[in-house]
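Residue numbers (the numbering used here), protein chains in the order written: chain A, 1096 to 1304; chain B, 47 to 535.
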């Protein structure tokens, strides 16, 4: 009973914060709501006794990914107002399509029951049962191939990100310290002999320049 | 010690994949130490790596179905054959890519390394034994392709294409993953054999499984570029640099064919009636939209994009018959299409202007090619007629094989529809031929292309003629891939 209550509370918070992620005006708030969504789903996983996954979700997503996200959001300084201009205009069409899809899904699902016979009930283990160890064993034996492939995907992501951002843009100004140190007097100063003159016409042209 | 030894032995069937992964990482490091302007070395090393991978695939060619890594890796005749063609096409594609980049001074080592990792993704896809590895292979391929499209940051068109490709591709991956999660939820298994037996054993069909099937089919159709999930195809084909378009249009289609056979044919075979109907709709829509809209195009790459959509319709027709013969015909079609597309995009690259980043990709650029270079006008004639399905070229035999399989299972109406749309499609292929032979050229400058491009292009076009006269060479190979067919004969 208590577990159901905790589950529905967490689920409600999760859905509400997920909606806020896409509807909040301030992008920083969006990112923070996403953090809240991650926390709630970590709580749901804790209820299922998947402690390791719950902690990893908080550590990796909240601790690392979302913090980076916040950095990016703050650095880019996106003005979302122009992006939202069409929202009100397209809302009726979008709402209509969404309503039709929802009605269709309800009609289909209402016609027959959905059950997941293969999954069965949750098996509750003793306190000394380590699902971290179980996960590790599976990851490095049964799913070894998939694990290696995931590593390859991360490598491609790194290569792509670096290749796309490391480029020499034309017209960027950058400093080259070795050239700055090696600069000579002749490179910077040009001595011009100027005839001293009080010609008013010449002076005015100088000033205009 | 013994466990390590047995793990090494059991992973032997995947040796080609592991070699390619190791070679990709090594070449990445070597490239980092090469000076600017020495990218040709990276390209040749990549091609060497692919050739060695090809040799490993041939050396380890399986006589029967072998699985490794607890069923997540499958090695069988179909997978082996598809891998051979994928690797051959990528090796040829790298010649074009290197010549194109060299000419424009855009060469960067990352291009070749990303192509290597993309090829690894394709190999993983065609020998996937579970939804998990299938998805990972697909992501490996897609991520490499997104980056390849965007790598030329100076071109706004390429960046826009990459953005569209990335957003729509990510959406498709999400849809596919959602479907896989539903199937996993209802069957409790992620490997194709397990999913198949779980669905076969179940007394009644769970609705979640069906819903999952719909999402999986949508995801696959997205990756194939079948109507109505084709929106990204023309924009990406037009925006990407021509050799990258070539790499997107050829080998990944073969990998997508492998993916469809694995996921639908092996994993969800008991839902055949359901996915057959979906494929029928996708096939008809693709044939109609692809062939009709291609007529309105003025850009060669866009026209070829819509032609690709139409060809996907034909590939689906072979698959939805559900017979081993239909699958073999589809495989014949996808391989011959990949060869034809390789040649057609090679033509766009060959025509390419040297001045600036522009490409000669307008259809008008083909005007009067006969006067500028008769040999390549003849090659293009072969390619266009083959794509249109005119005998005696290979494209004709591919269409014939697919349609006769459809008639055999009593889908004559579908075959007739396909023929009608092909006749409509004939128009835009013949228009290209007409422009080449009966119009005055807009420019009289001779076409200067590197020797490798000219040689590879000629071999490619002549191969299409050769396969046209001896279609059995290719068809016998495809028939071998589906053992049920030989038992039935």
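Even for Gly, the Cβ is constructed at its ideal location relative to N, Cα and C. Just so it is clear, the structure is predicted and the values come from calculations on it, not from any experiment.
Nearest-angstrom Cα separation, counted from residue j out to residue i
i, j, result
"residue 60/B", "residue 114/B", "8 angstroms"
"residue 366/B", "residue 416/B", "41 angstroms"
"residue 133/B", "residue 279/B", "23 angstroms"
"residue 161/B", "residue 194/B", "8 angstroms"
"residue 53/B", "residue 119/B", "13 angstroms"
"residue 75/B", "residue 1227/A", "35 angstroms"
"residue 199/B", "residue 206/B", "10 angstroms"
"residue 494/B", "residue 397/B", "8 angstroms"
"residue 1232/A", "residue 1239/A", "10 angstroms"
"residue 1114/A", "residue 1142/A", "23 angstroms"
"residue 348/B", "residue 281/B", "7 angstroms"
"residue 264/B", "residue 221/B", "7 angstroms"
"residue 480/B", "residue 390/B", "16 angstroms"
"residue 331/B", "residue 419/B", "38 angstroms"
"residue 100/B", "residue 138/B", "13 angstroms"
"residue 1285/A", "residue 150/B", "40 angstroms"
"residue 537/B", "residue 87/B", "Here chain B has residues from 47 to 535 only, and residue 537/B is not among them."
Chain A contact for residue i (CB, 8 angstroms cutoff)
i, result
"residue 153/B", "no"
"residue 196/B", "yes"
"residue 160/B", "yes"
"residue 275/B", "no"
"residue 308/B", "no"
"residue 60/B", "yes"
"residue 166/B", "yes"
"residue 94/B", "no"
"residue 67/B", "yes"
"residue 199/B", "yes"
"residue 253/B", "yes"
Contact set between residue i and chain A, taken where Cβ atoms lie within less than 7 angstroms
i, result
"residue 119/B", "1240"
Residue-chain proximity (residue i, chain B), Cβ-Cβ < 8 angstroms
i, result
"residue 1184/A", "no"
"residue 1145/A", "no"
"residue 1110/A", "no"
"residue 1251/A", "yes"
"residue 1129/A", "no"
"residue 1285/A", "no"
"residue 1262/A", "yes"
"residue 1276/A", "no"
"residue 1160/A", "no"
"residue 1116/A", "no"
Other residues of its chain near residue i: CB distance less than 8 angstroms, five sequence neighbours each side excluded
i, result
"residue 186/B", "163, 164, 166, 167, 170"
"residue 535/B", "Its pLDDT being 36, under 50, residue 535/B is placed unreliably by the model, and nothing is read from it."
"residue 190/B", "160, 161, 163, 164, 167"
Chain-ordered neighbours of residue i on chain B, where CB pairs are closer than 9 angstroms
i, result
"residue 1254/A", "74, 156, 159, 160, 163, 190, 193"
Close beta carbons around residue i, own chain, < 6 angstroms, minus the five adjacent residues each side
i, result
"residue 226/B", "177"
"residue 405/B", "288, 398"
"residue 275/B", "267, 268"
"residue 447/B", "375, 378"
"residue 62/B", "99, 102, 103"
"residue 147/B", "153"
Residue i: contacting residues in chain B (beta-carbon distance under 7 angstroms)
i, result
"residue 1248/A", "182, 185, 186, 189"
"residue 1105/A", "Residues of chain B passing the Cβ test: none, with the nearest at roughly 20 angstroms."
"residue 1113/A", "None at all; the shortest Cβ gap to chain B is about 15 angstroms."
"residue 1237/A", "116"
Listed by chain order, chain B residues near residue i by CB distance under 8 angstroms
i, result
"residue 1244/A", "170, 179, 182, 183, 186"
"residue 1204/A", "253"
"residue 1280/A", "Per Cβ cutoff of 8 angstroms: no residues; residue 1280/A is ~33 angstroms from chain B at best."
"residue 1259/A", "193, 196, 197, 199"
Nonlocal neighbours in the same chain, by C-beta distance under 7 angstroms from residue i, ignoring five residues either side
i, result
"residue 472/B", "434"
"residue 1101/A", "1142"
Can you pull out the residues from the region 169-182 of chain B whose beta carbon lies closer than 7 angstroms to at least one beta carbon of chain A?
If the cut-off is 7 angstroms between Cβ atoms, the region 169-182 of chain B has 170, 178, 179, 182 near chain A.
Below 7 angstroms between beta carbons is the criterion; list the residues of the region 113-140 of chain B that meet it against any residue of chain A, in chain order.
Taken in chain order, the members of the region 113-140 of chain B whose beta-carbon sits within less than 7 angstroms of a beta-carbon on chain A are 115, 116, 118, 119.
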